[in-house]
Amino acid sequence: MGETTETDDNEATDDGDPQSAIDAQGDRRREELDDRVFDHSAGDEQAGIPFVGAGPGDPRLLTVAGRELLEESDLVVHAGSLVNSELLEAYCDHAELVNSVGKDLEELIPLMRDAYEEGRNVVRLHSGDPAIYGAALEQMDALEHEGVPTYFVPGVTSAFAASATLRTQLTLNEVANHVAFTRPQGKTLSAEEDHISDFVEMGDVTTCIYLGTHAVRDTMDRLLEDGHDPETPVGVIYHASWPDEDVIVGSIGDIADRIEEAGYRASALVVIGDAVTGAGYERSYLYGDWANRGSSGSSAENTSEPEASDD
Ligand SMILES: C[S@@+](CC[C@H](N)C(=O)[O-])C[C@H]1O[C@@H](n2cnc3c(N)ncnc32)[C@H](O)[C@@H]1O
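Residue 257 is where the sequence shown starts when you use the numbering used here, and the numbers rise one by one after that.
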């Protein structure tokens, strides 16, 4: 990958219809949550079109629920180049495949609706997890508005593949207490809505930047202008979990040169913060002072203070 430049892919369509469906669904949701929220758990097979997270790329990082749905599918509408063709070959070779790239809601919604109404098993396959920069809800709302039920099947988001590749945690005791999933300014976000500098300023946040490979230099220049430490670690994980995965680790001061040298303009996750190297953290309470709290013989995982026990 890397041949296309990442731009904003979550723009609402200009056409009135999908937006009015979105508005109508939003109004309903504001009044009352859907009964299905309480009737189903994530992972349940439900009536309707599942919006499945394909995971970061490696077919083995697809969930079992996702794989089963793909194996039973007749039509798979997939998110183009970020869904690994090996995964499509492994689990969907019997199904009709449609690439959603370049198709607007006006084309996608009737395509999925008609197939569903013909009784075909339709799966909408997004990269990573559909709930992260997936523009899934607008498709679901438009389908629901037309009487086609939909639901989410979660996937492994690329930030989690990136942290596994980096052999680190996104949260680390005394180093990173928070994680931000974010994107840089561009067509979708104005300069005021770009909070990357604010997250870095907080100091104990691991900032995971999606849709920002093409903007690494701009982003780093802005961080330097804002006075951030040029030595702050930055990791860029291109195609995490793919056979051509590449990891470039540097700092706010030098990562842009390295990325330009490597030639990546898309398909990478940019991670900023000390968690990138995993250096400097302290042992956690979980296997320290908290371990033997609570009733004797019970494990820390069973104590009534789980918030103190997870790192
Ligand atoms: C439209 S967003 C979709 C994100 C996806 N829903 C997820 O949960 O990972 C696309 C961006 O996700 C990131 N991305 C997706 N798959 C990736 C992978 N395997 N390795 C690195 N970054 C990836 C890149 O930043 C890319 O620009």
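For each residue, glycine too, the CB sits at the ideal point set by N, CA and C.
If you're wondering where the values come from, they're calculated on a predicted model, not measured in any experiment.
Neighbourhood of residue i by C-beta, 6 Å cutoff - its chain only, sequence neighbours within 5 removed
| i | result |
| --- | --- |
| Ile-278 | Glu-394, Asp-397 |
| Glu-501 | His-495 |
| Thr-533 | Pro-489 |
| Glu-328 | Asn-377 |
| Ile-350 | Residue 350 is actually His in this sequence, not Ile. Around His-350: no qualifying Cβ. |
| Pro-410 | Ala-298, Gly-309, Asp-385 |
| Trp-498 | Gly-313 |
| Asn-340 | Gly-313 |
Three-way DSSP call (helix, strand, coil) for residue i in this model
| i | result |
| --- | --- |
| Val-472 | helix |
| Glu-430 | coil |
| Ala-415 | helix |
| His-334 | strand |
| Pro-410 | coil |
| Gly-529 | coil |
| Ala-346 | helix |
| Gly-322 | helix |
| Ala-535 | coil |
| Ala-371 | helix |
| Ala-524 | strand |
| Asp-482 | coil |
| Gln-395 | helix |
| Arg-423 | coil |
| Glu-362 | helix |
| Gly-459 | coil |
| Ser-540 | coil |
| Leu-317 | helix |
| Glu-288 | coil |
| Glu-327 | helix |
Chain-order list of residues whose beta-carbon lies under 7 Å from that of residue i (same chain, five-residue window excluded)
| i | result |
| --- | --- |
| Gly-403 | none |
| Tyr-537 | Leu-428, Asn-429, Glu-430, Val-431 |
| Arg-323 | Tyr-347 |
| Ser-507 | Pro-486, Glu-487, Thr-488, Pro-489, Val-490 |
| Phe-455 | Ala-436, Thr-438, Val-461, Thr-463 |
Residues bridged to residue i (per DSSP)
| i | result |
| --- | --- |
| Asp-502 | Tyr-494 |
| Pro-386 | BP columns for Pro-386 are empty, so no partner. |
| Ser-507 | Pro-489 |
| Asn-355 | His-334 |
| Arg-380 | Phe-307, Val-333 |
| Phe-437 | Cys-464 |
| Ala-547 | In DSSP, Ala-547 forms no bridge with anything. |
Close beta carbons around residue i, own chain, < 8 Å, minus the five adjacent residues each side
| i | result |
| --- | --- |
| Val-503 | Thr-421, Leu-422, Gly-491, Val-492, Ile-493, Tyr-494 |
| Glu-457 | Asp-482, His-484 |
| Val-357 | Ala-335, Gly-336, Ser-337 |
| Ile-465 | Thr-438, Arg-439, Pro-440, Ile-452, Thr-475, Leu-525, Val-526, Val-527, Ile-528 |
| His-296 | Gln-302, Tyr-407 |
Whole-angstrom C-beta distance between residue j and residue i, which should lie under 8 Å
| i | j | result |
| --- | --- | --- |
| Ala-371 | Val-378 | 5 Å |
| Val-333 | Leu-381 | 7 Å |
| Ile-569 | Leu-399 | Beyond the ends of the chain as shown, which are 257 and 567, falls residue 569; an answer cannot be given. |
| Tyr-389 | Leu-325 | No, Tyr-389 and Leu-325 are not in contact; Cβ-Cβ is about 22 Å, not under 8 Å. |
| Thr-444 | Ile-452 | Incorrect: roughly 14 Å between the Cβ atoms, too far for contact. |
Residue i Cβ short of 7 Å to ligand 2 heavy atom set
| i | result |
| --- | --- |
| Tyr-537 | Of the ligands one can find in the structure shown, namely ligand 1, none is ligand 2. |
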